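Quick note on my numbering: the sequence shown kicks off at 52 and runs consecutively. Just below is one structure, and these are the notes that go with it.
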Amino acid sequence: MKTLIVLLLLVGWISTSQAQQITELEEAKVNFAPTAVKISSNLDNYTFVVKEDFAGEFVKNPIGFMKENFDINSFITSIDNDKYDEFLVTFKSSKGVLEASYDNEGNILKTNQRFKDIVLPLKVRRALYTSHTGWTMVQNKYMASGNGERIDREVYKIKIANGNKKQNIKIDPRTIGASKVASN
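Written out as structure tokens, the structure is:
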């Protein structure tokens, strides 16, 4: 019995010592090359499909994302079209749309944003929770518009449910704390 145990230990030691060889691998290069941005045009309207580095990047600050990732002056020179005084550029993502009107000098005239099923800002979530405890958010829409880079009007339209009861709520984030949340 003693010899059997010693023999098993010896075989186990030999088999594990053979398995401990170092295998050196060559460097592996992994590249991510997304498909080209889809651009469509209809006279003075141009549509771009947004490619985000991480989810929610565009929805978090659409105007900032547009300013950072889109050069309107080089775009205007590349289309070389002097017939129009104003260009409507649309940026689309899976969650929504940002429409921006530019003059022929590259200045933002007005913006319009529409997004659906997004992560609500913290103060909107808190206002919704405190005014409708026990309810569940089913769907939401965010709409905003403004002149230039400034947002003049914004509203969240939220559908909530509690069992068989359903309710539609409109929240203006600028009035949170100043008044109650409006609901239908």
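Note that CB positions come from ideal geometry on N, CA and C, so glycine has one too. Source: prediction; values computed, not measured.
By the 10 Å Cβ neighbour count, where 16 or more other Cβ atoms means buried, how is I222 classified, buried or exposed?
buried
Roughly how many whole angstroms lie between the Cα atoms of N163 and F109?
14 Å
Report, in whole angstroms, the separation of the C-beta atoms of K143 and I169, which I expect to be a contact under 8 Å.
Actually they do not touch by this definition, with Cβ atoms about 14 Å apart.
Which word fits N219, buried or exposed, when buried means at least 16 other C-beta atoms lie within 10 angstroms of its C-beta?
exposed
Determine the extent of the beta strand (DSSP E) in which R165 is found, giving its start and end residues.
I159 to K167
Buried or exposed for M117, going by 16 or more other Cβ atoms inside 10 Å?
buried
Between which two residues does the alpha helix (DSSP H) containing A178 stretch?
L173 to S182
By the three-class DSSP mapping on this structure, what secondary structure does K118 have?
helix
Once the 5 residues before and after D49 are set aside, which same chain residues still bring their CB inside 7 Å of it?
Examination of residue 49 is not possible in this model, given that the chain is present from 52 through 235 alone.
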